[in-house]
Amino acid sequence: MSEYGFVSENIANVRKNVEAAAKRAGRDPKEILLLAVSKTMEVPRIKAAVECGLNSLGENRVQEIMEKYEPMGPDVKWHLIGHLQTNKVKYIIDKVELIHSVESLKLAEEIDKQAKKHGLVADILVEINMAKEESKFGIMPEEAESFITELSKLENIRVRGLMTVAPFVENAEDNRVYFRNMKQLLVDINAKKINNINMDTLSMGMTGDYEVAIEEGATIVRVGTGIFGKRDYGNK
Ligand SMILES: *Cc1c(COP(=O)(O)O)cnc(C)c1O
């Protein structure tokens, strides 16, 4: 077995869990995207995951997408899942499939502007701080509707749905309430029939809690450690 055989073993394991969680919730596993979070991981290790059929990759830094873009080639789809600075939008606007982390009007306006420049409509998610943690980015749930109403006026942005980074917990069940509230928030906002807004995407759940997130309606789960192993941040 190759140096990265553990990656394919991990993926088989995660896929099995995804299917079981979907089944428990009476959902079709095909409606759930397993996003491989490749931050800090080297290109050969990421390629091992792509060879197993995971060609949607999540990164939380613009710099890392830039560095890995050429080496990974044209067949992968990049998702920006971390905090995005307004002045860096221009570097990735034509390189990413979905921006998960929109949480200010200023950022949304810059995405809209850069998308227009490139003649495209950018798919985005609104990041929600569902657990109201002080350390987290994101729109407070009670402000989401008015925020999305503002975004609906930007012609080169398409709001596909909501994203959250749930609290770090020992027991994944502790996050179930936040995932459930996310789904409800999406349903409630869709019911307002805001012009141009019909959201179908819920990005929630990480290595520690993706199964619970799927049971509560996640359509994208963002799994890093569970696929690639522990991250080594070294001295970076
Ligand atoms: C790192 C990261 C993940 C993946 O975390 P794991 O616990 O390693 O699965 C998911 N979402 C975001 C926003 C991240 O920054």
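Using this note's numbering, read the sequence shown as starting at 3 and increasing by one per residue. Note that beta-carbon positions come from the ideal geometry of N, C-alpha and C, so glycine has one too.
Residue i - containing beta strand (DSSP E), residue span
i	result
R63	Neither: R63 is in no beta strand (DSSP E) and is coded neither H nor E.
R160	I159 to M165
L56	L56 -> no beta strand (DSSP E), and no H or E assigned at all.
H242	Residue 242 is absent from the model: the chain starts at 3 and stops at 238.
T203	T203 to S205
A220	First-last for A220: undefined, no H or E at that position.
L86	Looking at the DSSP string, L86 is not in any beta strand (DSSP E), and its letter there is neither H nor E.
Beta bridge counterpart(s) of residue i as assigned by DSSP
i	result
E129	M165
A124	I159
A312	Outside the shown range of the chain, which is 3 to 238, sits residue 312, and nothing can be said about it.
K118	DSSP, once it has assigned bridges, lists no residue as partnering K118.
R224	L37
Opening and closing residue of the alpha helix (DSSP H) in which residue i lies
i	result
R233	R233 -> no alpha helix (DSSP H), and no H or E assigned at all.
T151	A146 to L153
As assigned by DSSP and simplified to three states, the class of residue i
i	result
R47	helix
V91	helix
L187	helix
G215	The residue asked about is misnamed: residue 215 is Ala in this sequence, not Gly. Reduced to three states, the DSSP call for A215 is helix.
K238	Residue confidence is low: K238 scores 47 on pLDDT, short of 50, so the model does not pin down where it sits. Its coordinate-derived value is still stated next. The answer is coil: DSSP assigns K238 none of H, G, I, E or B.
L107	helix
E112	helix
E5	coil
V179	helix
E99	strand
Rounded C-alpha distance that separates residue i from residue j
i	j	result
V91	A117	9 Å
A38	E152	31 Å
K238	G163	Here the model assigns K238 a pLDDT of 47, short of 50, so the residue's position is not dependable and the matter cannot be decided.
L156	D96	17 Å
V16	A133	26 Å
P76	M68	13 Å
V189	S4	45 Å
L56	R26	23 Å
S148	V9	42 Å
S40	E61	6 Å
L86	N198	24 Å
V104	L127	6 Å
V78	E217	27 Å
A215	V98	24 Å
Q186	L36	22 Å
I101	L107	14 Å
F170	L109	26 Å
M208	P31	16 Å
G140	E21	29 Å
Member of the options whose CA lies at the smallest distance from the CA of residue i
i	options	result
V223	L86, M165 and A110	M165
L82	M74, I199 and L59	L59
V225	E69, N19, I196 and G140	N19
K194	F139, I150 and V104	I150
E144	H120, M184 and I113	M184
E44	K70, E112 and S148	K70
G121	I159, I34 and R178	I159
K115	I130, I141 and T88	T88
A24	Y212, I229, E11 and D234	Y212
G84	G207, R63 and D202	R63
F230	E33, K32, A51 and E21	A51
R29	E111, A220 and T227	A220
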